[in-house]
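A.B. asks: Numbering (my numbering), first residue to last: 723 to 1491. Where is the CB? At the ideal position from N, CA and C, for every residue including glycine. None of the values given here were measured: they were computed from a predicted structure.
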Amino acid sequence: MGKNHLGGANFWTGALATVAAISLWGGVPAIGAVPSTMMNQSGSDTLSSDFREVETLPNLPETTLNEKIREFSAASPLSAQDENGRTLTQKFTSGLATPDQTVKLTATAEIDSVVALVAAKWPASGPQPLAVLGRTLKGGAWTDWETVGEEFETSADGQTKATEAWIVVNAAKVEIALVMSDSTANIQPQLEVIDPGTRVEDNKFALPETGSTLAGPVPAQAGGKDGGTPNNDPSTDDSGQQVQPQPPANAWTNVPATDGPVELLTRDAWGADPSWRTWTPRAGKVQAAVVHHTASQNDYSAEAVPGILRAIYRYHALSLKWGDIGYNVLVDNYGRAWQGRDGDFWSYNTIGAHASGVNQSTFGISVLGNYSNFRPSDAAVATVAKVITYKLPVGMDPFNMSTPVTKANGTVIHVPVVSGHRDVGATACPGQAFYDYLPTVRKLVADYIAVPWYTVKEPNYVTAEREQTAGGIPLQLAGANRIDTSIEIAKHAFPSGTNTVYLARSDNTADALAGGALTDGPIVLVNSGQDTVYKVKSYIASTGAKRVVALGGYGAVNESTLRAVAGSASTSRLAGGNRAETAAQIAVQVTQTNPGMSAVYLAEQSKGVDALAAGSLIDGPVLLVPSSGKLPAAVSSAIRKIAPSTVIALGGTGAVSDEILNQAAAGRSSSRIAGADRYGTARAISQYRYPEGAARVYLASGSNPVDAVAGGVLTDGPILLLPNSAGATLDGNAGGEINRLGAKFVTSLGGDAAVAMTQVHQAVVYSLM
């Protein structure tokens, strides 16, 4: 159970009808008597405003109702200790006093799916319910009234209050009641029912007839004082229709824990629709782990879990406009762990939406079900402990009951390292029975910390990345901006310092396009800003550089900036009247430093993208040329001075025409390295330079390749330019080249906005193939 006020998309637009149904995803309608679980069926999201006012709720005495109101509105618990010294929350005592008379607003809805999410929503301003209750019709009889959730949620825009997600299973109808203290004239509630649909893929998560689960063998009675009782719900609904049978386990609590690491099932596994996620994942801290329960019905089958997760995701992301599911990880009672919040689980803690005020500093894990009277199964408890063990930073003591946690407003609270939701907010979550069992969870975490294996199965790429970084090779060379990134690249390329540092203008790198051939020092981007001057000057001083060279004229790097950053080092400039002349000056300088060079490479001058992938070409410099017409005199002069044996064009004839290539070759041998586009050309350069493969590969954005300018000095592997480099999927052609190279190490140039870490992970996967 969680709450947050993060951004999200407004799903409902325009006027809202009394009942509205929206298809969640395309599917094939059921035909004849084929079971719905054997084919895809689209889901729906239905809103109803058909509430009516009643004086009493059927089969619910006012005394029982008042007790539920007091418990729901409780703000703090009365604590006591058991015989073992454990602090237990025995009873919530500070609930609101109930009025002498209440008014109830009720609404009912038909349920057409095995699993459904039910919620009530109302305006955040105006009268507010004292509590919201619900009941379901199963097997022709109504269940007892229960409180829907343990706190009210708030939409991201602050306009709507709502119940928590209430999952109902095998119900024919549902009834919701808002209990008000006074007139209901100014409240306009809505009843929302989300059918998550079914997928054929969901069936692979079913409990086999043998009774075994992904957690282990045939279920046995769970240990502990609250091990649970059998579930006796009928197998038909009130209309006589067959409902999805209960799993063959003798009780939903009776799943044993198993040894070894747990697998984290992906968002793809449960069918997360990426179009619903409108919140951008951001990294937070883990100062504590917060344990939740979803406070929903427990009699769900193993194969129903993906649908439950889709429904919660839909409700959190779109209905409440949070932009994604709130919990970082969810655990079902069969002991399976499912990734909730999007983001890189393996590299950082994604800020969730599970505990208001502490989301940015805690990890949230929730178990599907209601654990007020019974704790989860041994399998679920063990999985919770294993996931928490994996996410807790090294050195954190799970027995520490007073660790500092920084709230969003900057205040610091002290809570257990392994907390229940009620430890960080006014709620009964994760249920009394589960909360009483948290000392056992803490002991399990301590036991797992002591064992020499990871408690969550890591994908192969995670192990490879850990080995790479342990060997001092970063996955990412990046700073807060392009200037900081160029400094990080420089530090990596020249870890022991350098005699020479080259400077290039940060907002127009044209003069540095051919600088990749300068292998005697790094290229650092610069502007005239005071902060930049200070950072670059500090870096240059740290290298012990004796010489600082500006690439380009005074309009590129002005003299005052050059002198300011150089400090005591001497200054000079490699410049021409335009980028082609500047590249020619650089090329001559390069060959004077490296007289054995035998080639000259030509790259188109207006964009110069092909020149950026040529940094690994160590047998000759790059000259910038027009795509057609007459070869600039400065280029012809440079070629005569260099006297190469061959001239090679980079890119197709649209980039460097045969006319230009022939003029430059002037009787020398000539050839071309080209692909269908800039990305293909970068791969072709990689294949030309590393025909036998390379141990390392660099990734850079192809749409805004400024980071590749500074990366040109990295000569131990090719630079591959990526299309859609900030997207979720690595270009398959780039992946194929990584595989061909046999690269063992992958490093991106620039931050996540330049090359997404998801693409870096995928590149590592290609390196393992």
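1. For isoleucine 1308, which residues of its own chain have a beta-carbon under 8 angstroms away from its beta-carbon, when the five flanking residues on both sides are left out?
2. What's the gap between the Cα of glutamine 1004 and the Cα of alanine 1476?
3. Closest to leucine 855 by C-alpha separation, out of Ser847, Gly862 and Glu886, would be which residue?
4. From what residue to what residue does the beta strand (DSSP E) around threonine 1128 run?
5. With contact counted as at least three CB pairs below 8 angstroms, one residue from each stretch, are the segment 1012-1024 and the segment 1087-1097 in contact?
6. Rounded to whole angstroms, what is the Cα-Cα separation between glutamine 1450 and proline 996?
7. Would you call the segment 824-844 in contact with the segment 1035-1049, where contact means no fewer than 3 C-beta pairs closer than 8 angstroms?
8. If distances are taken between C-alpha atoms only, which option among Val1137, Ala1024, Thr1105 and Ala1355 comes closest to glutamine 1009?
9. For my contact list, isoleucine 1407 and leucine 1339 are in at a C-beta cut-off of 8 angstroms; report their separation, rounded to the angstrom.
10. Decide if leucine 1166 is buried, meaning its Cβ has at least 16 other Cβ atoms within 10 Å, or exposed.
11. DSSP three-state label for serine 877, please.
12. CB-CB under 6 angstroms to lysine 1431, same chain, minus the five flanking residues each way: which ones, in chain order?
13. From this set, Gly1029, Gly861, Ile833 and Gly1006, which residue's C-alpha is nearest arginine 921's C-alpha?
14. Looking at alanine 829: is its Cβ nearer than 8 angstroms to the Cβ of isoleucine 889?
15. Using C-beta distances below 7 angstroms, list every residue in its chain close to serine 1250, excluding the 5 sequence neighbours before and after it, in chain order.
16. Under three-state DSSP, which class holds phenylalanine 1467?
17. Mind checking valine 776: buried by the 16 CB within 10 Å criterion, or exposed?
18. Between which two residues does the beta strand (DSSP E) harbouring serine 1282 extend?
19. With arginine 857 as the anchor, note down where its beta strand (DSSP E) starts and where it stops.
20. With a threshold of 7 angstroms, establish whether the CB of glutamine 1484 neighbours any heavy atom of the ligand SAM.
21. Assuming isoleucine 1460 contacts serine 1489 (C-beta within less than 8 angstroms), just tell me the rounded distance between them.
22. State the Cα-Cα distance for the pair asparagine 762 and isoleucine 1034, rounded to the nearest angstrom.
23. Let's test the definition: count the other Cβ atoms within 10 Å of the Cβ of phenylalanine 1096 and tell me whether it reaches 16, buried, or not, exposed.
24. Report yes or no: do three or more beta-carbon pairs, one from the segment 1289-1305 and one from the segment 1374-1394, lie closer than 8 angstroms?
25. Within its chain, find whatever has a CB closer than 6 angstroms to the CB of glutamine 963; leave out the 5 residues flanking it on each side and keep chain order.
26. Of the residues Phe1467, Gly1337, Arg1400 and Glu873, which one's Cα is nearest the Cα of alanine 1077?
27. Who pairs with glycine 1086 in a beta bridge, going by DSSP?
28. Leaving aside the five residues before and after phenylalanine 1467 along the sequence, list all residues of the same chain whose C-beta is less than 7 angstroms from its C-beta, in chain order.
29. Taking the alpha-carbon of lysine 1257 as reference, which of Gly1266, Gly1045 and Val1246 has the nearest alpha-carbon?
30. On the DSSP bridge list, what partners appear for serine 1141?
31. Does the separation of the CB atoms of glycine 1057 and alanine 1102 fall below 8 angstroms?
32. Is it true that the CB of serine 1228 sits closer than 8 angstroms to the CB of isoleucine 1205?
33. Buried or exposed for lysine 1268, please, with buried defined as at least 16 other CB atoms from any protein chain shown within 10 angstroms of its CB.
34. Go through its chain and collect everything with a Cβ distance to glycine 1472's Cβ below 6 angstroms, but skip five positions before and after it.
35. Got a sec? Which residues, its chain only, sit under 7 angstroms from proline 851 by beta carbon, not counting five neighbours each side?
36. I'd like the span of the alpha helix (DSSP H) that includes threonine 885, first residue to last.
C.D. replies: Taking the coordinates as given:
1. Taking the first residue of the sequence shown as 1, we reach residue 1308 at position 586. Cβ neighbours of isoleucine 1308 beyond the five flanking positions: Ala1236, Gly1237, Ala1239, Leu1240, Leu1273, Leu1296 and Pro1343.
2. Working through the sequence shown from its first residue, we reach residue 1004 at position 282. Working through the sequence shown from its first residue, we reach residue 1476 at position 754. Sequence inspection shows arginine at residue 1004; the glutamine mentioned does not correspond to that position. In a straight line, the C-alpha of arginine 1004 is about 16 angstroms away from that of alanine 1476.
3. In the sequence shown, counting from the first residue as 1, residue 855 sits at position 133. Checked all of Ser847, Gly862 and Glu886; the closest Cα to leucine 855 is Glu886.
4. Along the sequence shown, one-based indexing puts residue 1128 at 406. Element bounds for threonine 1128: 1125-1128.
5. Touching, yes, given that three or more Cβ pairs across the two stretches are closer than 8 angstroms.
6. The sequence position of residue 1450 within the sequence shown is 728, counting from 1. The sequence position of residue 996 within the sequence shown is 274, counting from 1. Reading off the sequence, residue 1450 comes out as alanine, not glutamine. One C-alpha to the other measures close to 10 angstroms.
7. The segment 824-844, when compared against the segment 1035-1049, does touch it at the 8 angstroms Cβ threshold.
8. Looking up residue 1009 in the sequence shown gives position 287. Restricting attention to Val1137, Ala1024, Thr1105 and Ala1355, the CA atom closest to the CA of glutamine 1009 is found in Val1137.
9. For the purposes of this step, residue 1407 is taken as residue 685 along the sequence shown, with counting starting at 1. For the purposes of this step, residue 1339 is taken as residue 617 along the sequence shown, with counting starting at 1. The C-beta separation of isoleucine 1407 from leucine 1339 comes to about 7 angstroms, placing the pair in contact by the 8 angstroms criterion.
10. Position 444 of the sequence shown holds residue 1166. Flag for leucine 1166 reads buried.
11. Taking the first residue of the sequence shown as 1, we reach residue 877 at position 155. Coil at serine 877, not helix or strand.
12. For the purposes of this step, residue 1431 is taken as residue 709 along the sequence shown, with counting starting at 1. The sequence shown places valine at residue 1431, not lysine. Contacts found: Thr1231 and Ala1234.
13. As a working note, residue 921 is residue 199 in the sequence shown. For arginine 921, the nearest C-alpha among the options comes from Gly1029.
14. Mapped onto the sequence shown, residue 829 falls at position 107. Mapped onto the sequence shown, residue 889 falls at position 167. Contact flag unset, no.
15. Position 528 of the sequence shown, counted from the first residue, corresponds to residue 1250. Setting aside the 5 residues that flank it on each side, serine 1250 is surrounded in the same chain by Asn1280 and Thr1283, each with a C-beta closer than 7 angstroms to its C-beta; the list follows chain order.
16. Taking the sequence shown and counting its residues from 1, the one referred to as residue 1467 is at position 745. It is a strand residue.
17. Indexing the sequence shown from 1 puts residue 776 at position 54. Valine 776 counts as exposed, since fewer than 16 other C-beta atoms from the protein chains shown sit within 10 angstroms of its C-beta.
18. The sequence position of residue 1282 within the sequence shown is 560, counting from 1. First-last for serine 1282: 1281-1288, but that is the alpha helix (DSSP H), not the beta strand (DSSP E).
19. Position 135 of the sequence shown holds residue 857. DSSP places arginine 857 inside the beta strand (DSSP E), whose first and last residues are 853-860.
20. With respect to the ligand SAM, the structure shown offers nothing to examine, as it has no ligands at all.
21. Stepping through the sequence shown from its first residue, residue 1460 is reached at position 738. Stepping through the sequence shown from its first residue, residue 1489 is reached at position 767. Contact holds; Cβ gap of about 6 angstroms.
22. Working through the sequence shown from its first residue, we reach residue 762 at position 40. Working through the sequence shown from its first residue, we reach residue 1034 at position 312. As the crow flies, the alpha-carbon of asparagine 762 is around 19 angstroms from that of isoleucine 1034.
23. Within the sequence shown, the letter at position 374 stands for residue 1096. Answer is buried; the Cβ neighbour count reaches 16.
24. Counting Cβ pairs under 8 angstroms, fewer than three are found: no touch.
25. Numbered from its first residue, the sequence shown carries residue 963 at position 241. Confidence at glutamine 963 is low in this model, with a pLDDT of 39, below 50, so the placement of that residue should be treated as unreliable; the coordinate-derived value is given next. Cβ neighbours of glutamine 963 beyond the five flanking positions: none.
26. Your numbering for residue 1077 matches position 355 in the sequence shown. Nearest of Phe1467, Gly1337, Arg1400 and Glu873 to alanine 1077, Cα basis: Glu873.
27. One-based indexing of the sequence shown puts residue 1086 at position 364. Answer is Val1012.
28. The count along the sequence shown starts at 1 and reaches residue 1467 at position 745. Contacts found: Gln1190, Ile1195, Ala1417 and Arg1418.
29. Translated into positions along the sequence shown, residue 1257 becomes position 535. Selected option, being the one with the closest Cα: Val1246.
30. The residue given as residue 1141 occupies position 419 in the sequence shown. Note: serine 1141 sits in a beta bridge opposite Val1012.
31. Here residue 1057 refers to the residue found at position 335 when the sequence shown is read from its first residue. Here residue 1102 refers to the residue found at position 380 when the sequence shown is read from its first residue. Alanine 1102 sits close to glycine 1057, with the two beta carbons spaced by under 8 angstroms.
32. For the purposes of this step, residue 1205 is taken as the residue at position 483 of the sequence shown. For the purposes of this step, residue 1228 is taken as the residue at position 506 of the sequence shown. Isoleucine 1205 is a Cβ neighbour of serine 1228, given a cutoff of 8 angstroms.
33. Within the sequence shown, numbered from 1, the residue matching residue 1268 stands at position 546. By the neighbour-count criterion, in which 16 or more other beta carbons inside 10 Å mark a residue as buried, lysine 1268 falls on the exposed side.
34. By 1-based counting over the sequence shown, the position of residue 1472 is 750. So the list reads Ala1200, Thr1207 and Asp1429, once near-sequence residues are dropped.
35. What you label residue 851 is simply residue 129 of the sequence shown in a count that begins at 1. Exclusion of the five residues before and after proline 851 leaves Leu900, Val901 and Met902 as the residues of its chain whose Cβ lies within less than 7 angstroms of its Cβ.
36. Taking the sequence shown and counting its residues from 1, one reaches residue 885 at position 163. Per DSSP, threonine 885 belongs to no alpha helix (DSSP H) and is neither H nor E.
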